[in-house]
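Line by line, the protein sequences give chains A and B.
Each residue of the first sequence is one higher than the last, beginning at 1 in our numbering.
Each residue of the second sequence is one higher than the last, beginning at 1001 in our numbering.
C-beta atoms are modelled at their ideal positions from N, C-alpha and C, and glycine is treated no differently.
Below is one structure, written out as structure tokens; the observations come after it.
Protein chains: 2
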Amino acid sequence: MVNKEIIEILVDNDLKVTPQRIAVLEVLLGNTDHPSAENILQYMRINHPNVPIGTVYKILDAFCKKGIVTKVKTDDNAIRFDPVKEPHHHLYCSESDRIEDFYDDELNLLLANYLKKKKIPNFTIESIKLQLTGKFKNNK
Amino acid sequence: MVNKEIIEILVDNDLKVTPQRIAVLEVLLGNTDHPSAENILQYMRINHPNVPIGTVYKILDAFCKKGIVTKVKTDDNAIRFDPVKEPHHHLYCSESDRIEDFYDDELNLLLANYLKKKKIPNFTIESIKLQLTGKFKNNK
DNA sequence: ATAATTGCAAAAGCTTTGCATGGCC
DNA sequence: GGCCATGCAAAGCTTTTGCAATTAT
């Protein structure tokens, strides 16, 4: 039984509903670990073996263009993906490639107000994201 | 005439002083555009043709380990480098790969105070950096 | 029907690695 | 002289691309 919500997202974005796209979206919406394309493929294999990695990249590219997912900025060579949700920030582990979401509405407000008041010359802000690097205590 | 300061940085970090390392450091300290390894090579070619890209990568790796430079987080597949300086943030162009530094001590203080007061569960912060994405008005 | 998506495979980046040579201390 | 860095070339990984076959609308 396929999630109605997932199909709705695809339809709303003028994307044809294919099993491969549903599978990729399921993985993205069901995980908060900011998977790489390869990670997504591994998650998918349970129900969808035989999907080529090239297809996953094409699907992710289509999702990015529609704004369904965004690329997470990292300093290593594998691109990581994040389904777009409410505004949030990222906690980066300094010892591994772990990335967690961090929600804080008070902080969002604080930053938005500060940056509205104190404009940056020659730059129009579209997105404000905090990159907090450090150590997690629970090594999940 | 070689910059004394550059040699000092190498010596202070227990790195042998070689022409290649001097050249890479010169590029990094002389540019604020967060170059990729390939960019660095291009800048170097003026005075140092024939340095292989592999050597540049090895040098950058050594500099990272010593903390002389840091990798800049991006969402494309080329790693970019930044010589470590005072705490600062990054302005990312949403239409190109341009990245500029953004200094704001008042903002640093605001963030540090807020995050000191409002601790994040299971996470110890080592670095606070803003990723501001948007549009530059001057297309340098 | 037809336009878009998938599958496959090749190619194109970017980065890393191994080993012999050469250079710094 | 000993050890480390460089140069060169190959290999590794991630991502992109082209095209024919397939599928959704």
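If you draw a straight line from the Cα of lysine 4/A to the Cα of lysine 85/A, it is about 18 Å long. Here proline 1052/B is exposed: its Cβ has fewer than 16 other Cβ atoms, across all protein chains shown, within 10 Å.
The beta carbons of tyrosine 1092/B and glutamine 1131/B sit about 6 Å from each other, so the pair counts as a contact at 8 Å. Annotated three-state conformation of aspartate 1105/B is helix, per DSSP. Below the 7 Å Cβ cutoff, chain B contributes Glu1126 as neighbours of serine 94/A, in chain order. Residue Leu1107/B holds the alpha-carbon nearest to the alpha-carbon of histidine 1088/B among Ala1078/B, Asp1075/B, Glu1095/B, Leu1107/B. For proline 1083/B, the enclosing beta strand (DSSP E) has its first and last residue at 1080 to 1083. Your pair leucine 1115/B and valine 1069/B does not check out as a contact, with CB atoms roughly 25 Å apart and the cut at 8 Å. Counting along the chain, no beta strand (DSSP E) covers isoleucine 40/A; the unbroken alpha helix (DSSP H) around it starts and ends at 37 to 45. Under the 8 Å criterion on CB atoms, lysine 1129/B is classed as interfacial with respect to chain A.
In this structure isoleucine 128/A is in contact with leucine 111/A, their Cβ atoms being roughly 5 Å apart against a cut-off of 8 Å. Of the residues assessed, arginine 80/A falls on the buried side of the cut-off, its CB having 16 or more other CB atoms within 10 angstroms.
The three-state secondary structure of threonine 1124/B, taken from DSSP, is strand. For glycine 54/A, no CB of chain B lies under 8 Å from its own CB, so it is not counted at the interface with that chain.
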